[in-house]
Structure formats: structure tokens, C-alpha cells
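Per my numbering, residue 3 is the first one in the sequence shown, and the count goes up by one each step. Contents: one structure, followed by commentary.
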Amino acid sequence: MPFQEEIKQEIQEYITKHLPEENWFEGFFDFIDDDKLRERLSEEFKAIRYIYKFFEGIQADDWLKNAQIRIQIFYYASIYEAIIHHILFELLANEPEVRKLFETKTYKKISVSKKLNELEHDGKKILTMYKTTVKREITTIRFEDKIDASVKLNLIDSNLGEELKEIYKLRNAIHLHAEIKKGIEYEVEMSKIAYRRMQIFREQIIEGLNKYSVT
């Protein structure tokens, strides 16, 4: 059953008292030219801050704190990814570094001669192949590659890029094996970094976009 009305009001007052005004979240992504995306990013950022303050208010610990940390990492990684994706493939789609993202190296089988086609070694058939470049779908482009392109385009610096890669890795791990391997304290630290880097990310992206006259 839901909280009593006075409890809901008290929770709402606690959360809003510790967060910026609503228009602050709307203005945070003013460098995004797509209205729908900008609104969605604002809602996602506001949502994770609300969630964080709620868990902070009830002093969540142990397994509940772990859940809250994972939620933060998931939200922030998704925000970073959405922004990078939009900027690269909507605003800077014609840049050489972006076009390269659609290229990948692969090996293709080729028939050279009957003799070579029949070669075997240790019971394994030997194939003759050549290396070539092929186009790949946008959905197959890895986040790490998008970050590397963003660094080369001077949208973000390399230090921030490496941190964003690590945040995204944690999101994709979600993540019991990663927790067992690295420990919850590592996740706690990365969730803090994910939040604290939002402002730095925004500043670097805006400065980078100014060089391309797209803001």
C-alpha cells in the first residue's frame, strides 16, 4: 500500500529541498539540439537524483545500498551514451573520425588454387583468406570506439574518456561477477565519479562543439 499523504509530502519536501529547481535540469542539456532527447535526458538526470536522495534519506545500507549504486551507474552511463551517440551520428556525422566508426577489418575466404584449397595441418583445414575493410551497422559500434572518436575529435579529453569507458563497463556487467571481483567499494567510488563528471562532461562537450559551429 502507498505511504500516507503526510509521509509522501515529507519525503517530497526532503528530496526537493536538496535538489536544484526543475528548470535547472532542463537547462543542463541546453547544448542538445533535439527537443525530445533533451527533455528525456533532463528527466533521466532528475530521476536519478531523486532516487539517490530518497535512498540517502532512508539511510539505505547493505543490499539496498548496493542496488541504489547499480541504479546510479546504469542511469549515468545511459545518459553519457545517449549524448555521445547523438553528437557523433547526428551533429558530426560527416567528420572522418565518425565515418571510420562504420568501418571494420575482417577476413574473407578466397580460392587461390585447388592445391592450396586442400591444405591441412594437424588435421585442421587451412583456409586462404584476405584482409579487407567492410561497413558495419551503427548498432554494432562499441561505446569504447565512440569514446575514442570523441577524444580524437577533441570533444572530451582522454582522462574523462577512460573514466566513461569504465562506467559503461560497470553498467554492462550489472553485475554480480564484477562486484565479487572488484568489491562494492569500487562501485561506490565509480557511482560518485559518474555523477561528479556530469558537469565536466557538459563543459568539455560544449567547448568541443563550439569548434565545429554546431551549437
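For each residue, glycine too, the CB sits at the ideal point set by N, CA and C.
Query: What is the C-beta distance between Y77 and I60, in whole angstroms, given that I count them as a contact (C-beta under 8 Å)?; Result: With a Cβ gap of about 19 Å, Y77 and I60 do not count as contacting.
Query: Taking the alpha carbon of L39 as the point to measure from, which residue in N68, E23, S80 has its own alpha carbon closest?; Result: S80
Query: According to DSSP, what are the bridge partners of H123?; Result: K126
Query: Just confirm the distance between the C-beta atoms of I2 and L94, as a whole number of angstroms; I'd bet it's less than 8 Å.; Result: Lying outside 3 to 217, the shown extent of the chain, residue 2 is not represented and no answer is given.
Query: Roughly how many angstroms lie between the CA atoms of H177 and I195, to the nearest whole one?; Result: The predicted model places H177 with a pLDDT of 49, which falls under 50 and marks its position as unreliable, so this point remains unresolved.
Query: Please report the straight-line C-alpha distance between L155 and V100, rounded to a whole angstrom.; Result: 9 Å
Query: If you follow the beta strand (DSSP E) that K107 is part of, which residue opens it and which one closes it?; Result: 105-111
Query: Below 8 Å between beta carbons: does that hold for Q244 and L162?; Result: It is not possible to answer for residue 244, since the shown part of the chain is limited to 3 through 217.
Query: Going by DSSP, name the residue or residues bridged to K137.; Result: E105
Query: Give the C-beta separation of H88 and I34 to the nearest angstrom, bearing in mind that I take them to be a contact with Cβ-Cβ under 8 Å.; Result: 7 Å
Query: Output the distance between the C-alpha atoms of L172 and E122, rounded to the nearest integer angstrom.; Result: 43 Å
Query: Is Y16 helix, strand or coil by DSSP?; Result: helix
Query: Taking DSSP as the reference, what is the three-state secondary structure of M131?; Result: strand
Query: How big is the Cα-Cα spacing for F145 and Q74?; Result: 18 Å
Query: Give me the Cβ distance between V136 and T106, rounded to the nearest whole Å; I'm assuming they're in contact under 8 Å.; Result: 6 Å
Query: Restricting to Cα atoms, I'd like to know which of E23, Y52, T18, I85 is closest to F31.; Result: I85
Query: The alpha helix (DSSP H) with F47 in it runs from where to where?; Result: 37-59
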